[in-house]
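Visitor:
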Amino acid sequence: NAGVTQTPKFRVLKTGQSMTLLCAQDMNHEYMYWYRQDPGMGLRLIHYSVGEGTTAKGEVPDGYNVSRLKKQNFLLGLESAAPSQTSVYFCASSYSGHREKLFFGSGTQLSVL
Amino acid sequence: AQKITQTQPGMFVQEKEAVTLDCTYDTSDQSYGLFWYKQPSSGEMIFLIYQGSYDEQNATEGRYSLNFQKARKSANLVISASQLGDSAMYFCAMRESPSGSARQLTFGSGTQLTVLP
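Residue numbers (my numbering), protein chains in the order written: chain Y, -18 to 94; chain F, 1385 to 1501.
Written as structure tokens, this is what we have:
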């Protein structure tokens, strides 16, 4: 079972470059999320989606954009990368409902120089 | 105010002993869920246990149990008979009722557990 797949696993960018992180899930989940993880700060929500064609801002959305054109895919874009965006990025998905756990991808280590 | 507070940045426990990891939360919703995840050094997020706000009994999953005290707004994770493989970062998280903007899982800052041989 593939579950939640993130690509790429590692990336190094120069300040000002752009990139897109891809998240794909094969569990027919309605909800999808992008989190970033920084030391001592846990996971912070960047953007999320509650269905195909919908997106919403999380706790730290500035500098990121997202799209969910297909139910199984959730893309995270950085238009002009900054060193402050150096982090580990996790994608997750779930069914709707407060009892539903999140399934996580394996993470993307992004460094912005 | 933080929604999830984990006051123990690091904890040590002797192998085979029990350990409690603290978690307090803040919500005005009556319906919510509490989760614990484990993150080993390899980086993946592993779901451990879930407690619903209306669940009458404390959740248990193998060696993991949740000490849920609703009036105190605490959801402490208890790991019994610690093993070396339990050394990891542990995150407490809350999911409020699925209405409006409260559809995300909010995480605490984590507790790094080290099991000593």
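We put the CB at the ideal spot given by N, CA and C, even for glycine.
How big is the Cα-Cα spacing for Y/C72 and Y/Q6?
Guide: Each residue's Cα considered, the two are about 10 Å apart.
Visitor: How about F/S1481 and F/E1399: do their beta carbons lie closer than 9 Å?
Guide: Cβ atoms of F/S1481 and F/E1399: not closer than 9 Å.
Visitor: So with CB distances below 8 Å, who are the chain F contacts of Y/E87?
Guide: For the sequence presented, residue 87 of chain Y should be read as Ser rather than Glu. Ordered by position in chain F, the residues that pass the 8 Å Cβ test against Y/S87 are G1427 and E1428.
Visitor: With 9 Å set as the bound, which would you pick, yes or no: does the beta-carbon of Y/A(-17) sit closer than that to a beta-carbon of chain F?
Guide: Judged by the 9 Å Cβ criterion, Y/A(-17) is not in contact with chain F.
Visitor: Measuring straight from C-alpha to C-alpha, what distance separates F/A1477 and Y/L3?
Guide: Distance between the alpha carbons of F/A1477 and Y/L3 is about 24 Å.
Visitor: Output yes if chain Y places a C-beta closer than 9 Å to the C-beta of F/R1479; else output no.
Guide: Yes, F/R1479 counts as interfacial toward chain Y.
Visitor: Output the boundary residues of the beta strand (DSSP E) element that contains F/G1417.
Guide: Taken as a continuous stretch (DSSP letters only), the beta strand (DSSP E) holding F/G1417 covers Y1416 to Q1423.
Visitor: Restricting to Cα atoms, I'd like to know which of Y/G86, Y/S75, Y/S92 and Y/Q90 is closest to Y/M8.
Guide: When only C-alpha atoms are compared, the closest one is Y/S75.
Visitor: Evaluate the contact criterion for the region 9 to 26 of chain Y versus the region 1491 to 1501 of chain F: three or more CB pairs, one atom per stretch, below 8 Å.
Guide: Segments in contact, yes.
Visitor: At least one CB of chain Y closer than 9 Å to the CB of F/S1485: is that the case?
Guide: Confidence at F/S1485 is low in this model, with a pLDDT of 44, below 50, so its placement is unreliable and no value can be given for it.
Visitor: Pick helix, strand or coil for F/S1464, following the three-state DSSP scheme.
Guide: Reduced to three states, the DSSP call for F/S1464 is coil.
Visitor: Using a Cβ-Cβ cut-off of 9 Å, state whether Y/K52 counts as contacting chain F.
Guide: No, Y/K52 does not count as interfacial toward chain F.
Visitor: Kindly indicate which three-state DSSP category Y/Q66 falls into: helix, strand or coil?
Guide: If DSSP states are grouped into helix, strand and coil, Y/Q66 belongs with the helices.
Visitor: Is Y/G34 close to chain F? Criterion is C-beta to C-beta, closer than 9 Å.
Guide: Y/G34 does not count as touching chain F.
Visitor: For Y/P(-11), which residues in the same chain have their Cβ closer than 7 Å to its Cβ, ignoring the five residues on either side in sequence?
Guide: T89.
Visitor: Residue ranges of each beta strand (DSSP E) run of no fewer than 3 residues wholly in the region 1388 to 1412 of chain F, ordered along the chain?
Guide: The region 1388 to 1412 of chain F contains these whole beta strand (DSSP E) runs: 1394 to 1398 and 1403 to 1405.
Visitor: Can you have a look at Y/G78 and say buried or exposed, based on whether 16 or more other CB atoms are within 10 angstroms of its CB?
Guide: So Y/G78 ends up on the exposed side.
Visitor: CB Y/V(-7) to CB Y/V93, shorter than 9 Å?
Guide: Yes, the pair counts as a contact, with Cβ atoms nearer than the cut-off.
Visitor: With distances taken from CA atoms, which of Y/F85, Y/S87, Y/A63 and Y/R80 is nearest Y/M0?
Guide: Of the listed residues, the one whose Cα sits closest to Y/M0 is Y/A63.
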